[in-house]
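Going by this note's numbering, the residue at position 433 of the sequence shown is 929; the numbering climbs one at a time, nothing skipped. Written out below as structure tokens is the structure these notes cover.
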Amino acid sequence: MKTNLLSLFLFFISFNALSQNEFAENWHFGDGVNLDFSSGIPVVSSNSSMISYEGCVSVSDEEGNLLFYSNGGNMSVSDANDGGVWNRDHQVMPNGQLVDTAGCYSSIQSSVVTPKVGSQDQYYLFTMDCIESQQTSLAHYKGLRYTVVDMALDGGLGDVTSEKGIPLLNDPGLFLSEGIAATAHSNGDDYWLIVHSVAPDSMNRFYVYSISSTGISGPSIQDLGHYSYGQMKFNIDGNRFSNGSHVFDFDKSNGTLSNPIDLGVSGSGKAFSNSGQYLYQTAAFTLYQYDLFATDVVASRTTIHTGNIFDFDMLKVSMQRGPDCKIYVAIMTMNYVGVINSPDLPGTACNYVNDQVTLPGYLCQAGLPNFIESDFRACNTSGIFEETNFRLNLYPNPSRKNINVDIDHSLVGAEFEIVDVFGKSVFKSHFNNLSNNVTISEYADGIYFLKVQGSDTFMRFVKSTK
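Printed below as a string of structure tokens:
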């Protein structure tokens, strides 16, 4: 084994360049909820100044420092709750009021943020209006717009620039679903942005924008699939996309959708597992899992959890991957959040807990922060190790505080060991559960290997505080 470890020593010099998930450590959502993941687990604080019924965004830097958050805009001019962009001091930015100029916090994905390519300080805040606006005031329907946030303004607290509420798609009669998603371009620098029509004459129409150093271009128009609602999501790799009841292939080099698979159920919330093998979907009171590697994807559907139709604390809506690589589920109007603890394990082995994260004194509502899924590549760098007799998954990788190790039933009780690049043992324990959390915060930065005793199997991971 030491020969194998030393042959990988060259990886040691490059571990600082590997990406982590600190950008997603601060979540602001619901009725003033703030979840702080900086300790490695979600901790509720009372810092948030924002109210959002559904969609929202939270933006942090690569060190995990909060930059800003937004609900995308309010529901109407007369709405008592603010629509805006808040800075890290939880104050609305000087030009950050989003009243009748942006989206609507009753859209399930009211907003998404991408960097302004080529800038160190500026971000595009894309906003999406809600169905309520379509139904009540066509003149005020704002459609898809963008706003630029510049973190160099207001003494480094950030502010909205004069590029505020700029229309991209808001033509009369051109109504959009409430979903909005972005993913990285295959070139590693640019991004793709996608939205979907619900207009009567174009219910199968997607609009795909390119975001590059030259700005926002497009859209390209693609007609496939059919009417949809709820979240739209990419997988981490950016080569699969889910919208409505469909799963598509996505070519991240040219922004083209293809090969739709109709799952037969159109749900509110969607999330891919870290490896991309499983798709999770919420439909009212039920959480489903689909195996996208199965020969018959539709037939692979498994019910993970379901509630009572008369019990509204079981109404599951949005889903979002966290910096710990677990998938979080919004439970509408309740003071807790559900968690899929091991999203790459099949069926109920994924270990879904409906009320795992409690929010004392706060309500979750229907939305969670909308992140760019391709930024979570640390959740998918190790992949899944499979042999004929067992399955092993380690994530996030790199990590600075904790790693999760998912196993199958055959490894429960087995001993494992963590060693450094020189073969020195730093930790030994046993797998006591299907999902096991190991604290690595006290380890020196570097490359380590987890070895399952009694086998020749080891998996590499990186501890890095950079």
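For glycine and all other residues, C-beta sits at the position ideal for the given N, C-alpha and C.
Where are the alpha helix (DSSP H) runs, 4 residues long or more, that stay fully inside the region 587-643, in chain order? 627-632
What are the residues that DSSP puts in a beta bridge with Thr782? Ala779 and Thr802
How would you call Leu946, buried or exposed, if buried means at least 16 neighbouring beta carbons within 10 angstroms? buried
Simplified DSSP state of Asp685, which is helix, strand or coil: coil
Is the region 900-916 touching the region 758-773, taking contact as three or more C-beta pairs under 8 Å? no
Is Glu869 helix, strand or coil when you go by DSSP? helix
How close, in whole Å, do the beta carbons of Glu674 and Ile757 come, if the pair is a contact with beta carbons under 8 Å? Wrong, their Cβ atoms sit about 22 Å apart, outside the cutoff.
Can you grab the Cα-Cα spacing for the pair Lys924 / Val948, in whole Å? 10 Å
For Thr935, which residues does DSSP report across the bridge? Asn898
Member of Glu518, Val539, Ala940 and Glu550 whose CA lies at the smallest distance from the CA of Asp557: Glu518
Simplified DSSP assignment, three categories, for Gly714: strand
My assumption, with CB atoms under 8 Å, is that Leu788 sits in contact with Gln773. Please give the rounded CB distance. 6 Å
So Pro756 is in the beta strand (DSSP E); what residue range does that whole segment cover? Thr752 to Asp758
Is the beta carbon of Gly721 less than 9 Å from the beta carbon of Leu670? no
Integer-rounded CB distance, given that Asn570 should sit under 8 Å from Asp578: 6 Å
Under 8 Å by Cβ, that's how I've got Val581 and Ser566 pegged, so tell me the actual separation to the nearest angstrom. 5 Å
Use the C-beta contact count for Asn837: other C-beta atoms within 10 angstroms, 16 or more gives buried, fewer gives exposed. buried
Three-pair Cβ contact test at 8 Å for the region 845-859 versus the region 709-729: no
Asp973, enclosing beta strand (DSSP E) - first and last residue: Residue 973 lies beyond the stretch modelled for the chain, which goes from 497 to 962, so this question has no answer here.
Take Asn770 and list the residues in its own chain whose beta-carbon comes closer than 8 Å to its own, dropping the five residues that flank it on each side. Ile732, Arg817, Cys821, Pro839, Asp840, Phe872, Cys875, Asn876, Asn889 and Tyr891
Could you tell me the alpha carbon to alpha carbon distance between Asp585 and Leu653, rounded to whole angstroms? 8 Å
When you compare the CB positions of Gln718 and Leu689, do they come within less than 9 Å of one another, or not? no
Throw me the rounded Cβ distance for the Gln516 and Ser960 pair, which I believe falls under 8 Å. 7 Å
Give me the Cα-Cα distance between Ile509 and Ile943, rounded to the nearest whole angstrom. For Ile509, the predicted structure reports a pLDDT of 32, less than 50, and the residue's modelled location is therefore unreliable. The matter cannot be settled from this model.
Taking one C-beta from the region 909-928 and one from the region 523-541 each time, how about it: are there three or more such pairs within less than 8 Å? no
Taking Glu913 as part of the beta strand (DSSP E), name the residues at either end of that continuous run. Glu911 to Asp916
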